[in-house]
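Participant: Shown below is the structure under consideration.
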Amino acid sequence: MKKFFSVLLASALAVGMLSGCGGEKKDAAKSDVIKVGVFLPLTGDNAAGGELELRGIKLANKMHPEVLGKKVELVVADNKSDKAEAASVAARLIEKDKVKVIIGTYGSSLAMAAGNIVKENKVPAIGTSCTNPQVTANNDYYFRACFIDPFQGTVMANYAFKNGAKKVAIIQEVSNDYAVGLAKFFKEAFVKLTGSPDSIIEVANYQTGDKDFSAILTNIKAKNPDVIFAPGNFTESALLIKQARQLGLTVPFLGGDTWETQEFIDVGGKDVEGASLSTAFDREKASTAEAKKFLDAYVKEYKGEPSALTALAYDAYLIAIDGIKRAGTATDSVKIRDAIAQTKDLEAVTGKTTLDKNGDAIKAAVIKTVKDGKFKYTDFVDVK
Amino acid sequence: MAKKRNLILTVILLAGLFGLAWYINFETDSYLRRIVNLCMVYAIIGLSMNLTNGFTGQFSLGQAGFMAIGAYAVGIFTVPVSLRPSVFYAAPMHPAIADIHMPLWLALIVGGLCAALVAFLIGAPVLRLRGDYLAVATLGFSEIIRIVITNAQTITNGALGIKDIPPLNDVRYIFAFTAAVFIFITALINTSYGRAFKAIREDEIAAEAMGIDLFKHKSLAFMLSAFFAGIGGGLYAALLGTVDPKNFLFTLTYNFLLIIVLGGMGSITGSMIGSILVTAGLEFLRIFDEPLELFGVAIPLFRPGFRMVIFSVLLMALVLFWRRGIMGTREFTWDKTIAFCKNPFGIFGRKGVDKA
Numbered sequence: 001m002k003k004f005f006s007v008l009l010a011s012a013l014a015v016g017m018l019s020g021c022g023g024e025k026k027d028a029a030k031s032d033v034i035k036v037g038v039f040l041p042l043t044g045d046n047a048a049g050g051e052l053e054l055r056g057i058k059l060a061n062k063m064h065p066e067v068l069g070k071k072v073e074l075v076v077a078d079n080k081s082d083k084a085e086a087a088s089v090a091a092r093l094i095e096k097d098k099v100k101v102i103i104g105t106y107g108s109s110l111a112m113a114a115g116n117i118v119k120e121n122k123v124p125a126i127g128t129s130c131t132n133p134q135v136t137a138n139n140d141y142y143f144r145a146c147f148i149d150p151f152q153g154t155v156m157a158n159y160a161f162k163n164g165a166k167k168v169a170i171i172q173e174v175s176n177d178y179a180v181g182l183a184k185f186f187k188e189a190f191v192k193l194t195g196s197p198d199s200i201i202e203v204a205n206y207q208t209g210d211k212d213f214s215a216i217l218t219n220i221k222a223k224n225p226d227v228i229f230a231p232g233n234f235t236e237s238a239l240l241i242k243q244a245r246q247l248g249l250t251v252p253f254l255g256g257d258t259w260e261t262q263e264f265i266d267v268g269g270k271d272v273e274g275a276s277l278s279t280a281f282d283r284e285k286a287s288t289a290e291a292k293k294f295l296d297a298y299v300k301e302y303k304g305e306p307s308a309l310t311a312l313a314y315d316a317y318l319i320a321i322d323g324i325k326r327a328g329t330a331t332d333s334v335k336i337r338d339a340i341a342q343t344k345d346l347e348a349v350t351g352k353t354t355l356d357k358n359g360d361a362i363k364a365a366v367i368k369t370v371k372d373g374k375f376k377y378t379d380f381v382d383v384k
Numbered sequence: 001m002a003k004k005r006n007l008i009l010t011v012i013l014l015a016g017l018f019g020l021a022w023y024i025n026f027e028t029d030s031y032l033r034r035i036v037n038l039c040m041v042y043a044i045i046g047l048s049m050n051l052t053n054g055f056t057g058q059f060s061l062g063q064a065g066f067m068a069i070g071a072y073a074v075g076i077f078t079v080p081v082s083l084r085p086s087v088f089y090a091a092p093m094h095p096a097i098a099d100i101h102m103p104l105w106l107a108l109i110v111g112g113l114c115a116a117l118v119a120f121l122i123g124a125p126v127l128r129l130r131g132d133y134l135a136v137a138t139l140g141f142s143e144i145i146r147i148v149i150t151n152a153q154t155i156t157n158g159a160l161g162i163k164d165i166p167p168l169n170d171v172r173y174i175f176a177f178t179a180a181v182f183i184f185i186t187a188l189i190n191t192s193y194g195r196a197f198k199a200i201r202e203d204e205i206a207a208e209a210m211g212i213d214l215f216k217h218k219s220l221a222f223m224l225s226a227f228f229a230g231i232g233g234g235l236y237a238a239l240l241g242t243v244d245p246k247n248f249l250f251t252l253t254y255n256f257l258l259i260i261v262l263g264g265m266g267s268i269t270g271s272m273i274g275s276i277l278v279t280a281g282l283e284f285l286r287i288f289d290e291p292l293e294l295f296g297v298a299i300p301l302f303r304p305g306f307r308m309v310i311f312s313v314l315l316m317a318l319v320l321f322w323r324r325g326i327m328g329t330r331e332f333t334w335d336k337t338i339a340f341c342k343n344p345f346g347i348f349g350r351k352g353v354d355k356a
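Here the protein sequences line up with chains A and B, keeping their order.
Residues in the first sequence are numbered from 1 upward in steps of one, following our numbering.
Residues in the second sequence are numbered from 1 upward in steps of one, following our numbering.
Right, dumping it as structure tokens:
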């Protein structure tokens, strides 16, 4: 039995190897394609986000299939939501598939793990939704299509101040880099706006996966804030808001773009009505021609509303293609990097995109509020 | 005579492997280098876990926590001081450690020692437990370590993680550490301590009756295991160039549990084989993630993520047919290898005898 099984295993491997060889031969035959590497978490914890972004990139590839007169071929690789895999797969795309530009990824820690690889090999990478400032800091080869945590935190602070909030309580998901970043810059901006450090009356922490927030909420209720800023994962946040309402806490909640999922509304039900969040994209504010094309194509391809993640991934592809076009070469990755670094007023889905000297996209934010079980556009914050 | 021959062969093998490491370091691409490095780092951590779980028979699931300590020692002390403000952008680093900079090897050892110290403190209450209870308690402690790291913002940068650890992608460096750990543990297993560990694994009561101090030996194994896990974690951090607490969720421990169960609980060579199979095997299976066209028809199954399905099926099959892992508790020895070379078909004959 054991021997039979060994034979089976060996033949499975042999078949695998053959199919691998077959693929390579075909690739050699069509050298007139430009390969663009894509690495995303398609399995593991972040698979949902990775899948949404893959849709955006595939859609963009469909709409803009050619650059410099050559066909663009996507080489999609899975990073398993694992940092070590993210680094290996970035190396694989560069060494084995010989891509000269990489798109990805969802999740800042995954992007940071790949950061050293792209820097060493001098191949530019464009992040889709990795919002941690560290991703592009000290790394000339990492860019991103999304705005960063500090910007989002500042936007929400301005929004809260504009709507008359004087005292704010912050409840952050302390084990989430994204939430901690947002909370920190919200706090700084809000203190600056009000001119008093007492305007933040409480900063409370919870862990990913927590279910009971009554202790935090009771404490905050006693301090009577005007508004609560609670950046974090959508499930925990929805539960948090639900429990706040049960405790009779009626003040509005503000959050970040992670809330923008159907699950947030499903879990929170009517309790999350009135919760506001900042995000990168809304169809009502979709001003560019590219956005209209994107919306039409998305509805045709996948039905339903595209999420901001899909739009950002679409934009990352546009930035890559635009870089290759302006560099005038698809083989010199350093030239492509220089071209991407100079991206200016690129017509993208989430508005005209310009990259700053860190490689971060400077773009406006949209504020949405939950109304009648839907995310409704409420405000638009432009960059100053 | 045979002993001397074996020693010479081992030295030749080590030199050969080091030569191979040298070759890989300079002559191959960064993808292969990365996979080889990852195999070796995982082998160190797998071996460290094998020391408690395989050799001493204590089912501990705390490896992720000890790795985290080692990784953070490297993260905190090796990031160049000039880059620290950009890493600790949310809250500045605690002034007591803000200016301490160490070379990598020192940070690795500091990380290992810290992990061993924590293991000593945890071990005192926890090692009195047995079986499942010990597993649950160590799992809990590894989560505690992670949560402490998440909340120590000024030391570890909390959830934001640390970036800009000077990248280490030198195969020789990691090979030297791996070889040292393997030699040390092989030597340890063949001392009276090693035999005591195995005695505890086989039967605790009998071992105690033979005069083995159970607690002393268990905590020794536990501390050594934590020390090497700390070194492995540090190398892991240096290899990736970044650490964050989410890396060290308890699910990470299962990676290494998989490696040692696959390779064989209580086998040093097994840990190496398991680590290569899991790391390089998963990379090899990426061919199933690439789209495949047969006779002009794209087969829909071949899409990103498919390799994980294949991997799971292969794992199930392996565990079904090799219940005790690939090596069991056996080891690679020169005697057996030479016997095999002299009579390659003898192995089938012997098996027949075993069955009868």
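We put the CB at the ideal spot given by N, CA and C, even for glycine.
Quick one: does Tyr115 (chain A) have its CB under 8 Å from some CB of chain B?
Facilitator: First, the residue type needs correcting, since residue 115 (chain A) is Gly and not Tyr in the sequence shown. Yes, contact with chain B.
Participant: Using a Cβ cut-off of 8 Å (strictly closer), state whether Val87 (chain B) contacts chain A.
Facilitator: Taking Cβ atoms only, chain A reaches closer than 8 Å to Val87 (chain B), which makes this a yes.
Participant: Hey, could you find the ends of the alpha helix (DSSP H) Tyr298 (chain A) is sitting in?
Facilitator: Looking at the DSSP string, the run of the alpha helix (DSSP H) that includes Tyr298 (chain A) is Ala289 to Tyr302.
Participant: Quick one: any contact between the stretch 218 to 231 of chain A and the stretch 176 to 186 of chain A, if contact means 3 or more CB pairs under 8 Å?
Facilitator: At 8 Å Cβ cutoff, the stretches touch.
Participant: Within 10 angstroms of its Cβ, does Gly164 (chain A) collect 16 or more other Cβ (buried), or is it exposed?
Facilitator: So Gly164 (chain A) ends up on the exposed side.
Participant: Please go through the same chain and pick out, in chain order, the residues whose beta-carbon is closer than 8 Å to the beta-carbon of Gly23 (chain A), but skip the five residues on each side of it.
Facilitator: Confidence at Gly23 (chain A) is low in this model, with a pLDDT of 43, below 50, so its placement is unreliable and no value can be given for it.
Participant: If you drop the 5 nearest sequence neighbours on each side, which residues of the same chain put their C-beta closer than 6 Å to that of Phe253 (chain A)?
Facilitator: For Phe253 (chain A), where only same-chain residues beyond five positions count, the Cβ hits under 6 Å are Ile228, Ala230, Ile241 and Ala275.
Participant: With contact counted as at least three CB pairs below 8 Å, one residue from each stretch, are the stretch 75 to 87 of chain B and the stretch 32 to 41 of chain B in contact?
Facilitator: The stretch 75 to 87 of chain B is not in contact with the stretch 32 to 41 of chain B.
Participant: Checking contacts by CB at 8 Å: is Ala222 (chain A) closer than that to chain B?
Facilitator: Output row for Ala222 (chain A): interface = no.
Participant: Check distances from the C-beta atoms of the stretch 42 to 67 of chain A to those of chain B and list, in chain order, the residues that come in under 7 Å.
Facilitator: Within the stretch 42 to 67 of chain A, the residues whose Cβ lies closer than 7 Å to some Cβ of chain B are Leu42 and Thr43, listed in chain order.
Participant: Strictly under 8 Å for the Cβ-Cβ distance: is Asp289 (chain B) near chain A by that measure?
Facilitator: Answer yes: the Cβ-Cβ gap between Asp289 (chain B) and chain A drops below 8 Å somewhere.
Participant: Would you report the Cα separation of Glu204 (chain B) and Lys3 (chain B), rounded to the nearest angstrom?
Facilitator: The straight-line gap from Cα to Cα measures roughly 32 Å.
Participant: Counting only beta-carbon separations shorter than 8 Å, does Gly268 (chain A) have a partner in chain B?
Facilitator: Chain B contact via Cβ: absent.
Participant: Would Leu384 (chain B) and Arg307 (chain B) be called neighbours here (beta carbons separated by less than 8 Å)?
Facilitator: The requested residue 384 (chain B) does not occur in the structure, where chain B is confined to residues 1 to 356.
Participant: Please specify which runs of the alpha helix (DSSP H), each continuous and at least 4 residues long, are wholly inside the stretch 119 to 185 of chain B, giving them in chain order.
Facilitator: DSSP runs (the alpha helix (DSSP H)) wholly in the stretch 119 to 185 of chain B: 131 to 151 and 153 to 156.
Participant: Pairs of beta-carbons, one from the stretch 116 to 133 of chain B and one from the stretch 104 to 117 of chain A, closer than 8 Å: are there three or more?
Facilitator: The answer is no - the stretch 104 to 117 of chain A does not touch the stretch 116 to 133 of chain B, with fewer than three Cβ pairs under 8 Å.
Participant: Within its chain, find whatever has a CB closer than 7 Å to the CB of Arg92 (chain A); leave out the 5 residues flanking it on each side and keep chain order.
Facilitator: For Arg92 (chain A), where only same-chain residues beyond five positions count, the Cβ hits under 7 Å are Ala77.
Participant: Can we say the stretch 151 to 165 of chain B touches the stretch 251 to 270 of chain B, given the rule of at least three CB pairs closer than 8 Å?
Facilitator: No: the two stretches stay apart, fewer than three of their Cβ pairs being nearer than 8 Å.
Participant: Check the Cβ of Asp177 (chain A) against every Cβ in chain B and list those closer than 7 Å, keeping chain order.
Facilitator: Ala159, Leu160, Gly161 and Asp244, listed in chain order.
Participant: For Gly111 (chain B) and chain A, any beta-carbon pair shorter than 8 Å?
Facilitator: No, because no Cβ of chain A sits closer than 8 Å to the Cβ of Gly111 (chain B).
Participant: Between the C-alpha atoms of Asn132 (chain A) and Arg144 (chain A), what's the straight-line distance to the nearest angstrom?
Facilitator: Cα to Cα, Asn132 (chain A) sits roughly 10 Å from Arg144 (chain A).
Participant: By the three-class DSSP mapping on this structure, what secondary structure does Asp203 (chain B) have?
Facilitator: DSSP places Asp203 (chain B) in coil when its eight states are reduced to three.
Participant: Since Arg34 (chain B) meets chain A, which of its residues come closer than 7 Å, beta carbon to beta carbon?
Facilitator: Those within 7 Å of Arg34 (chain B) in chain A are Ala87, Ser88 and Ala91.
Participant: Between the stretch 10 to 26 of chain B and the stretch 198 to 218 of chain B, are three or more C-beta pairs nearer than 8 Å?
Facilitator: Verdict: no, contact absent.
Participant: Does Asn247 (chain B) come within less than 8 Å of chain A when only Cβ atoms are used?
Facilitator: By this cut-off, Asn247 (chain B) is an interface position.
Participant: At 8 Å on the CB atoms, spell out the chain B contacts of Val174 (chain A), in chain order.
Facilitator: What Val174 (chain A) touches in chain B: Thr150, Asn151, Gly158 and Ala159.
Participant: Which residues in chain A sit within 9 Å of Ile326 (chain B), going by Cβ to Cβ distance?
Facilitator: Per Cβ cutoff of 9 Å: no residues; Ile326 (chain B) is ~12 Å from chain A at best.
Participant: Helix, strand or coil, according to DSSP, for Ser275 (chain B) in the structure here?
Facilitator: Ser275 (chain B): helix per DSSP, three-state reduction.
Participant: Do Ala64 (chain B) and Leu249 (chain B) have their C-beta atoms within less than 8 Å of each other?
Facilitator: It is a contact, given that the beta carbons lie within the stated cut-off.
Participant: May I ask you to list the residues that DSSP assigns as paired with Ile34 (chain A)?
Facilitator: Note: Ile34 (chain A) sits in a beta bridge opposite A:Val72.
Participant: Under 9 Å, CB to CB, which of the residues in the stretch 270 to 287 of chain B have a partner in chain A?
Facilitator: Listed in sequence order: Thr279, Leu282, Glu283, Phe284, Leu285, Arg286 and Ile287.
Participant: Does the stretch 110 to 121 of chain B come into contact with the stretch 38 to 47 of chain B, if we say contact requires no fewer than three beta-carbon pairs (one atom in each stretch) closer than 8 Å?
Facilitator: Contact fails: fewer than three Cβ-Cβ distances are below 8 Å.
Participant: Any beta carbon from chain B within less than 8 Å of Ala77 (chain A)'s own beta carbon?
Facilitator: By this cut-off, Ala77 (chain A) is an interface position.
Participant: Could you tell me the distance, in whole angstroms, from the CA atom of Asn255 (chain B) to the CA atom of Thr10 (chain B)?
Facilitator: Distance between the alpha carbons of Asn255 (chain B) and Thr10 (chain B): 29 Å.
Participant: Among the residues of its own chain, which have a CB less than 8 Å from the CB of Val261 (chain B), if the five just before and after it don't count?
Facilitator: Within the same chain, Val261 (chain B) has close Cβ partners Gly274, Val319 and Gly325.
Participant: Among the residues of its own chain, which have a CB less than 7 Å from the CB of Leu52 (chain A), if the five just before and after it don't count?
Facilitator: Closer than 7 Å at the Cβ level, and outside the excluded window around Leu52 (chain A), lie Ser307, Leu309 and Thr310.
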